[in-house]
Amino acid sequence: MVHTEIIGGETLEMHPWGVLYWKARGMLLLSDLHLGKVTHFRKYGAAVPLEALQRNFNRLRHLTDIYRPERICFLGDLFHSHMNREWELFEAWVKTCAARLDLVVGNHDIIDPVRFEALGISCRDQWEIGPFKLTHHPAESEDRFNISGHIHPAVRLAGAGRQRLRLPVFYLRQRQLILPAFGAFTGTHVVSPEPGERLYALAGETVLPLDALDARLSRR
Amino acid sequence: MKPRTPKYSEWTDQAQAWFQSQGWKPFPFQEETWEAFMEGKHGLLNAPTGSGKTYALWFPILLNYMRAHPDYATKHRKGLKAIWITPLRALSQEIRQSAERILEDLQIPFEVGIRTGDTSTAERNRQRKTMPDLLITTPESLQLLLATKGYAKLFRECSAVVVDEWHELLGSKRGVQMELALSRLKSVCPNLRIWGISATIGNLEQAREVLLGPASEALENSVMIRAHVPKRITVKSLLPEQMDTFPWRGHLGLHMLEAIIPILEQSKTTLIFTNTRGQCEIWFQQLLERHPELAGEIAMHHGSIDKETRLWVEQAIRNESLKAVVCTSSLDLGVDFAPVETVIQIGGPKGVARFLQRAGRSGHRPGRESVIYFLPTHAIELVEAAALQQAVKLQAVEDRTPYLNSFDVLVQYLTTLAVSDGFYPEDIYREVSQTFCYQAMSREQWEWLLNFLVLGSQSLQSYDEYKKVEVAEDGRLQVTNRGVAMRHRFQIGTIVGDAQLTVKYQKGGYIGTIEEYFISQLKAGDVFTFAGRNLEFLRIRDMVALVRHSPKKAGKTPSWMGGRLTLSSEMSRILREELYSAAMPLGQQAVEIRALQPLFERQRLESIVPGPDQFLLETFRTREGYHYIFYPFEGRFVHEAMASLLSYRISLLTPITFSLAYNDYGFELLSDQELDVQMVLDNNLFSPKYLLDDLQKSLNATEMARRKFRDIAVISGLVFTGYPNKGVKMKHLQSNSQLLFEVFRDYEPDNLLFRQAFTETFEHQLEEGRLRLALERIEEQEIVWRACEKPTPFSFPIITDRLREKLSSEKLADRIRRMTRILTGGGR
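Chains A and B, in that order, give the protein sequences.
Just so you know, we're using the working numbering here: the first sequence kicks off at 1 and counts up by one.
Just so you know, we're using the working numbering here: the second sequence kicks off at 221 and counts up by one.
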């Protein structure tokens, strides 16, 4: 189940896999896929299950099936490391994908942009489009609303009966929205929201706004 | 005792003469060991610390060499003759000294070498070129030797391996490492004798079997020698003067601090044993604060303090220049401290064997009485004090359960062999399947492991780039990649435990090592107590925590996760009996139980002190939620399993979320929702029926297996911990074992290493057998349910425990909706 918010005057859909859909432009936004990470580990002798790398591609295929997007924009850290053979799987997916692909380059993206461009993916350091400024690292902008990734935001929740939960979130700040990491086999970073900021938790099949909790921030 | 065979007296007489020259007389167990070794036997020597066990084995090793090489004094043949394994590198100096004393007096031109994590690279390289004649080392360092090219040549002339403190290794994965190394050495060294030395444990016969291999020739040709050094042990409980002010919970015991001062004054040297390093730090600080006159007369000793300081403390104990040392299990083993007159144990030692061993630290001369004082840290621990008295009388020592099918250690070992000379699977299979740990390993499991090493999984994918072990043309499995080999060698040393950081002054100067977990809770500027000093945390750089002295008071003392041990079944039984004695006339009770009368009265206000036929369940509500507390008195591990099982069975009846806590007396299910207790009672949820199945499912529901998986992932090389102290960053290869756990759960649930996390929790920790017996006992008991207004004295230590497990059968979204707070600050 998706959650819809109007941000920067535009309708944005938050999908429980940590993806943002910008309806008006037919654009899917996703961040921090870290493709190639599983293969990178395996190359160095750590036998992370090979199947795990398929999740990214399976989910990408599923998303393009349901949204039929015109564009897909990756907000950085698309590829985890140096070139490895997971690139071939990525290439194969790109060839079957009907949408235009854009990459806002992140700190992990050390692969030569020429290779991305060869696949028809345009690379940018940042992208000002409509009311938004798309970046990898969260950024400030005077006139635009910033959408970014990089920090893999998560929240820690507590309740009665000593209950604790930790969940990835969409992190909405003053003029900024930070996307959770899309990639399988990536970690999370717990954020400490300030009053007025909002969190949307990825809760399995649904995205849950944590509005009711915002007023009850507590330091541990 | 066996009749003495005069066969080798020509040789053993030299040892006799040496003893005489020292003014000593050998114990019968020493003579027996000399004879047995000379006869070519393997064996297990059951002897306590400080009984002269090193002389029992160094002598025959040397005498046997002299016999085989009559020209030993003039013609020195280079190379390794014997290996002495010690679990603690701190003990190696002591062992070397005893060897060198004999060598000198018998005029044997042998060199004794030490090879541990502390050994310099230069020294290591020198050793690799020319092995010392006698080598003292640890299980990890021995494993590392097996990772050197041409290791077989290094070991060929080795005639003896002695595994010291075998009981310490037995119930651990380092013990498995030892089993594997021995299985290799048996093939590599044609004339090998294997000997273990163990303190008294419940399963000594099994300890011998594990050491030598079940159904092995070595076991057939072996002996068990028991030292029978008489030892009188007196246990004295320190009772609080006023029971009303004695706390119901806590583990520090500081309110009783004054009680030990007269004891310190009366004794030459006292060892004060604490259960954790954190507790050790606090006691040391507090003693100094409240009794400044002790400054310079007391010291502290634990595993995180740097080696120099530790050695200094040990030497100071021998010189009688210290009045008292506050310590942890770091002083449990080895090192003979003759001047120690008194031992104080703070808090439950959670093990009779350990308690006896600590008691044995005092009156360290044969025939002298050992006195140990027990200082309870909270009220109910007095029951444990009474039980300990009984247990010591009955010598009710616990078993050390050896591991079975530890695939992680086997993966590590096979990689080790592949890194050095490579191996032929069939040869190694034959050796490995004869060890205790892998006796039941199936052919399929073995094939799976080989596949895992070579392919990184069970099937070949064209786009895969997995690289570790390769198959050579002749079928030999080997590692050719230097990076893989290097990373593996680094990883061998880190068999278990949390990631360690070095603590250093900003201006240089090593202070010790500390768990990463603790440091991760600190912010720059925080002040904490470590190694008896107040330190300000500055920052972390390359696995080093930089600090500086601080005049400020410490806010935090490192708390270590250690010390979460459990009671043995025998000890649990004794404990229950002591508790049942609460109902007996005062005259028939132990003093500790009598002292607890005020607490029992409080307990009886709203609840009961259960008798042998009663199983108590208390329920009450606090600000935290609804508490359901059960009291089986079966020890922590059984309670862990029972809590898991029961909460799982309840969660099938109704969607609910529990937080679980346990101690040695009982367990708690805590929920934010009220539970229908009658439903729990009516559904017969304590039934031992379908136990296995339900327990396994409950493990999937809780997170217990995750914790086990962490070690498994590190040992098997799935997680790379980096190079502590080497300053080498490997950040791009570090991953979180939790993340990895989830990836395996979702994509490779049949992976043997992943499965192992569950079987280990199940078999090694949860003790399914004991659980079944406990459930059968409960079936015979009357369940007494008391709905209370507020927490009872019995419940207090449990409900305040912070280390918790959770289990839920609710939808995630439903749980999130009932959450009340967002936690901020504090890393993970």
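Note that the Cβ used here is the ideal one computed from N, Cα and C, for glycine as well.
Run through DSSP, which three-state label would residue i get?
{"i": "residue 898/B", "result": "helix"}
{"i": "residue 609/B", "result": "helix"}
{"i": "residue 168/A", "result": "strand"}
{"i": "residue 452/B", "result": "strand"}
{"i": "residue 48/A", "result": "coil"}
{"i": "residue 1031/B", "result": "coil"}
{"i": "residue 1039/B", "result": "coil"}
{"i": "residue 883/B", "result": "coil"}
{"i": "residue 185/A", "result": "coil"}
{"i": "residue 485/B", "result": "helix"}
{"i": "residue 523/B", "result": "coil"}
{"i": "residue 792/B", "result": "helix"}
{"i": "residue 1134/B", "result": "Outside the displayed span of chain B (221 to 1048) sits residue 1134/B, for which this structure offers no information."}
{"i": "residue 948/B", "result": "In this predicted model, residue 948/B has a pLDDT of only 43, less than 50, meaning its place in the structure is not dependable enough to derive any value."}
{"i": "residue 267/B", "result": "coil"}
{"i": "residue 500/B", "result": "helix"}
{"i": "residue 364/B", "result": "helix"}
{"i": "residue 903/B", "result": "coil"}
What residues of chain A sit near residue i, judged by a beta carbon separation below 8 Å?
{"i": "residue 956/B", "result": "187"}
{"i": "residue 1036/B", "result": "157, 165, 167, 201, 203, 208, 210"}
{"i": "residue 616/B", "result": "Simply none; closest approach about 36 Å."}
{"i": "residue 688/B", "result": "45, 47"}
Residue i touches chain A at which residues, Cβ-Cβ below 9 Å?
{"i": "residue 291/B", "result": "What residue 291/B touches in chain A: nothing, since even the nearest Cβ is about 49 Å away."}
{"i": "residue 938/B", "result": "41, 46, 47, 48"}
{"i": "residue 844/B", "result": "160, 161, 162"}
{"i": "residue 704/B", "result": "44, 45"}
{"i": "residue 487/B", "result": "Ordered by position in chain A, no residue passes the 9 Å Cβ test against residue 487/B, which lies about 44 Å from the chain."}
Since residue i meets chain B, which of its residues come closer than 9 Å, beta carbon to beta carbon?
{"i": "residue 52/A", "result": "963, 964, 966, 967, 968"}
Which residue wins for smallest C-alpha separation from residue i, given the options the options?
{"i": "residue 273/B", "options": "247/B, 296/B, 681/B, 297/B", "result": "247/B"}
{"i": "residue 319/B", "options": "276/B, 297/B, 340/B, 341/B", "result": "276/B"}
{"i": "residue 1002/B", "options": "1032/B, 974/B, 901/B", "result": "901/B"}
{"i": "residue 265/B", "options": "525/B, 387/B, 349/B", "result": "387/B"}
{"i": "residue 883/B", "options": "860/B, 559/B, 328/B, 290/B", "result": "860/B"}
{"i": "residue 413/B", "options": "906/B, 370/B, 996/B, 282/B", "result": "282/B"}
{"i": "residue 756/B", "options": "937/B, 231/B, 769/B", "result": "769/B"}
{"i": "residue 976/B", "options": "291/B, 402/B, 665/B, 1038/B", "result": "665/B"}
{"i": "residue 908/B", "options": "405/B, 243/B, 999/B, 795/B", "result": "999/B"}
{"i": "residue 835/B", "options": "906/B, 659/B, 899/B", "result": "906/B"}
{"i": "residue 826/B", "options": "456/B, 1006/B, 805/B", "result": "1006/B"}
{"i": "residue 139/A", "options": "130/A, 131/A, 149/A", "result": "149/A"}
{"i": "residue 1027/B", "options": "211/A, 163/A, 190/A", "result": "163/A"}
{"i": "residue 521/B", "options": "789/B, 545/B, 622/B, 255/B", "result": "545/B"}
{"i": "residue 472/B", "options": "478/B, 500/B, 490/B", "result": "500/B"}
{"i": "residue 824/B", "options": "357/B, 1013/B, 606/B, 229/B", "result": "1013/B"}
Taking residue i as the query, report the chain B residues whose CB atoms sit under 7 Å from its CB, ordered along the chain.
{"i": "residue 195/A", "result": "Those do not exist, as residue 195/A stays about 11 Å from chain B at its closest Cβ, beyond 7 Å."}
{"i": "residue 88/A", "result": "683"}
Which residues of chain B have a Cβ atom closer than 8 Å to the Cβ of residue i, listed in chain order?
{"i": "residue 173/A", "result": "Correct list: empty, because the minimum Cβ distance to chain B is about 14 Å."}
{"i": "residue 84/A", "result": "685"}
Return the Cβ separation of residue i and residue j in integer angstroms, given the expectation that the two are a contact with Cβ distance under 8 Å.
{"i": "residue 1025/B", "j": "residue 962/B", "result": "No, residue 1025/B and residue 962/B are not in contact; Cβ-Cβ is about 17 Å, not under 8 Å."}
{"i": "residue 381/B", "j": "residue 303/B", "result": "5 Å"}
{"i": "residue 798/B", "j": "residue 610/B", "result": "7 Å"}
{"i": "residue 685/B", "j": "residue 85/A", "result": "5 Å"}
{"i": "residue 69/A", "j": "residue 118/A", "result": "In fact, because the Cβ distance is near 22 Å, the residues do not count as touching under 8 Å."}
{"i": "residue 184/B", "j": "residue 958/B", "result": "The shown model of chain B, from 221 to 1048, leaves out residue 184/B, and the question about it has no answer."}
{"i": "residue 603/B", "j": "residue 830/B", "result": "Not really, about 12 Å apart at Cβ, beyond 8 Å."}
{"i": "residue 937/B", "j": "residue 631/B", "result": "7 Å"}
Starting from residue i, find everything on chain A with Cβ-Cβ shorter than 7 Å and list it in chain order.
{"i": "residue 681/B", "result": "50"}
{"i": "residue 684/B", "result": "42, 50"}
{"i": "residue 924/B", "result": "By Cβ distance, chain A contributes nothing, its closest Cβ being about 16 Å from residue 924/B, past 7 Å."}
{"i": "residue 890/B", "result": "161, 162"}
Going by DSSP, which residues form a beta bridge with residue i?
{"i": "residue 173/A", "result": "176/A"}
{"i": "residue 41/A", "result": "For residue 41/A, which the question treats as bridged, DSSP gives no partner whatsoever."}
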